[in-house]
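Colleague:
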Amino acid sequence: MREAPQIQRYFDERARGYRAQFSSGLLGRLRHAERLALFTALEPESGDRILDAAAGVGLDARRLLDLGCSVRAVDLSPEMVKQAQRAGVDAEVGDLHELDLGETFEKVLSAGALEFCGDPARAVERLCRHVAPGGRLVLLFPTQSPVGKLYALYHRAFGVRVRLFALEELSRWVERGGLTPTELLHPLPFSAVLRADR
12 MREAPQIQRY FDERARGYRA QFSSGLLGRL RHAERLALFT ALEPESGDRI LDAAAGVGLD
72 ARRLLDLGCS VRAVDLSPEM VKQAQRAGVD AEVGDLHELD LGETFEKVLS AGALEFCGDP
132 ARAVERLCRH VAPGGRLVLL FPTQSPVGKL YALYHRAFGV RVRLFALEEL SRWVERGGLT
192 PTELLHPLPF SAVLRADR
């Protein structure tokens, strides 16, 4: 994907301060609201095998590990992966468009990644391939809303194109991947969490 190098640079440049930036203040509160919805849909339990796709610095992966889950994390940014590894997360560099880990997981999580993908339908198809029979996929994504448009404008100021999504669009993609949408949560005016089960 031609956008990948630009997105990789964007997140490489932000990796060192990312954990602190999203752990307190307004961004921390917004992130917390999204994570409550994300974990409600994911329903992690001790012993679950979970893929955190586009894990960033490993904030969600670390929490899942603390809950007793087995987590494999992937992110496009080598610098984000380094930060995740420093937090004790089994993380590796990988592009969602080409994701092929050779295994499936009971639960697959991808939070705040699809909007940066050049071909989000392909990324969703790749994520669906990693969901085991009886498993689930949980996606956090920005919605086509007035506040979502502000989110996109914010990133455009840094030269990064962000895509906003309609539920119908994502539902079609997960259905093509053999999953059934089962739950939709709206933690914030500009984001949604979709759960889909195999």
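One point on numbering: in my numbering, the residue at position 171 of the sequence shown is 182, and numbering is uninterrupted. For each residue, glycine too, the CB sits at the ideal point set by N, CA and C.
1) Who pairs with A122 in a beta bridge, going by DSSP?
2) Report all residues from its chain with a CB closer than 7 Å to the CB of F265; omit the five preceding and five following residues, and keep chain order.
3) Compute the distance between the beta-carbons of V173 and P157, then report whether it is under 8 Å.
4) Identify the residues that DSSP records as bridge partners of S81: which are they?
5) Spell out a yes or no on whether the region 116-123 and the region 167-182 are touching, meaning 3 or more CB-CB pairs, one atom from each, closer than 8 Å.
6) Which residues mark the beginning and the end of the beta strand (DSSP E) in which S202 is found?
7) Helix, strand or coil for V142? Go by DSSP, reduced to three states.
8) Suppose you measure from the CA of P55 to the CA of P192; what does that come to, to the nearest Å?
9) Give me the residue from V68, E186, L62 with the minimum Cα distance to G113.
10) If you count every other CB in all the chains shown that lies within 10 Å of the CB of P16, and 16 or more means buried, which is it?
11) By how many angstroms is the C-alpha of R74 removed from the C-alpha of L47?
Modeller: Result, derived from the coordinates:
1) Sequence index remark: in the sequence shown, residue 122 carries index 111 (1-based). L151, per the DSSP bridge assignment.
2) Nothing about residue 265 can be read from this structure; the chain reaches only from 12 to 209.
3) By one-based count along the sequence shown, residue 173 stands at place 162. By one-based count along the sequence shown, residue 157 stands at place 146. P157 sits away from V173, with the two beta carbons spaced by 8 Å or more.
4) As a first step, residue 81 is located in the sequence shown; it is residue number 70 there, counting from the start. BP columns for S81 point to R60.
5) no
6) Locating residue 202 in the sequence shown gives position 191, counting from the first residue. Segment 202-208, the beta strand (DSSP E) holding S202.
7) Here residue 142 is taken as the residue at index 131 of the sequence shown, counted from 1. Correct three-state label for V142: strand.
8) On the sequence shown, residue 55 is found 44 positions in, with the first residue counted as 1. On the sequence shown, residue 192 is found 181 positions in, with the first residue counted as 1. Between P55 and P192, the C-alpha separation is close to 18 Å.
9) Mapped onto the sequence shown, residue 113 falls at position 102. G113 has its Cα closest to that of L62, out of V68, E186, L62.
10) One-based indexing of the sequence shown puts residue 16 at position 5. P16 should be labelled exposed.
11) One-based indexing of the sequence shown puts residue 47 at position 36. One-based indexing of the sequence shown puts residue 74 at position 63. Going from the Cα of L47 to the Cα of R74 covers about 12 Å.
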